[in-house]
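Let me begin by presenting the structure, written as structure tokens, before commenting on it.
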């Protein structure tokens, strides 16, 4: 992975049955960004956790960000992250 | 990630439009094995590549293994890998 192809990780709560939406998001991101992403990882966890990281940076946290990103927000939060990296 | 919760990675060819089946496999594995897995990563690639790794071990390669694993084979190849690790 080069800096140009970041790792996205989606950490979700298995007890809350969030695999379906997490799997959907992984596929949306890979469908949109393709090889601009190094990988998208799904990480099973517990305790109501739902977090999206780009490399080490937390870009979405369920409680902080008010639930889950939808089809409009999901690519936007990634674009925002990429642009902020480009601008240093 | 402990040794008890391995990383699975699925490397697929974007040009071949294998995201759909790769995303399905990721979700099947997470649905079956849950937190016994540390993570399942989807890795976009090119050139007709389709590979599944458990940690560093290649457990499925499209040309070697005759195409793609189906719903019966997919969990089996993982179980086989886990058992071989347990038996040293």
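Residue numbers (our numbering), protein chains in the order written: chain B, 502 to 589; chain U, 502 to 589. We put the CB at the ideal spot given by N, CA and C, even for glycine. On a predicted model such as this, the values are computed, not experimentally measured, just so you know.
Cut-off 8 Å between Cβ atoms - residues of its own chain near residue i, not counting five sequence neighbours on either side
i, result
"residue 529/B", "572, 575 and 576"
"residue 550/U", "512, 513, 514 and 563"
"residue 546/U", "512, 513, 514 and 515"
"residue 522/U", "513 and 569"
Distance cut-off 8 Å: residue i Cβ against heavy atoms of the ligand HEM
i, result
"residue 551/B", "Absence of the ligand HEM is noted for the structure shown, with no ligands found whatsoever."
Beta-carbon neighbours of residue i, restricted to chain B and to distances below 7 Å
i, result
"residue 555/U", "What residue 555/U touches in chain B: nothing, since even the nearest Cβ is about 14 Å away."
"residue 586/U", "The premise fails here: residue 586/U is roughly 19 Å from chain B at the closest Cβ pair, so nothing lies under 7 Å."
Neighbourhood of residue i by C-beta, 7 Å cutoff - its chain only, sequence neighbours within 5 removed
i, result
"residue 548/B", "514"
"residue 519/B", "513 and 551"
Interface partners of residue i on chain B, CB under 8 Å
i, result
"residue 545/U", "531, 535, 536, 538 and 540"
"residue 520/U", "528, 531 and 532"
Pair within 9 Å by beta-carbon distance, residue i and residue j
i, j, result
"residue 581/B", "residue 553/B", "no"
"residue 540/B", "residue 578/B", "no"
"residue 527/U", "residue 527/B", "yes"
"residue 524/B", "residue 531/U", "yes"
"residue 505/U", "residue 543/B", "no"
Listed by chain order, chain U residues near residue i by CB distance under 7 Å
i, result
"residue 524/B", "524, 527 and 528"
Beta-carbon contacts of residue i that lie in its chain and below 6 Å, excluding the five residues immediately before and after
i, result
"residue 555/B", "507, 509 and 582"
"residue 558/B", "none"
"residue 533/U", "576"
Where residue i meets chain U, residues with beta-carbon distance less than 9 Å
i, result
"residue 515/B", "531, 535 and 536"
Runs of 4 residues minimum, wholly inside the stretch 505-545 of chain U: which ones carry the alpha helix (DSSP H) assignment? 520-534
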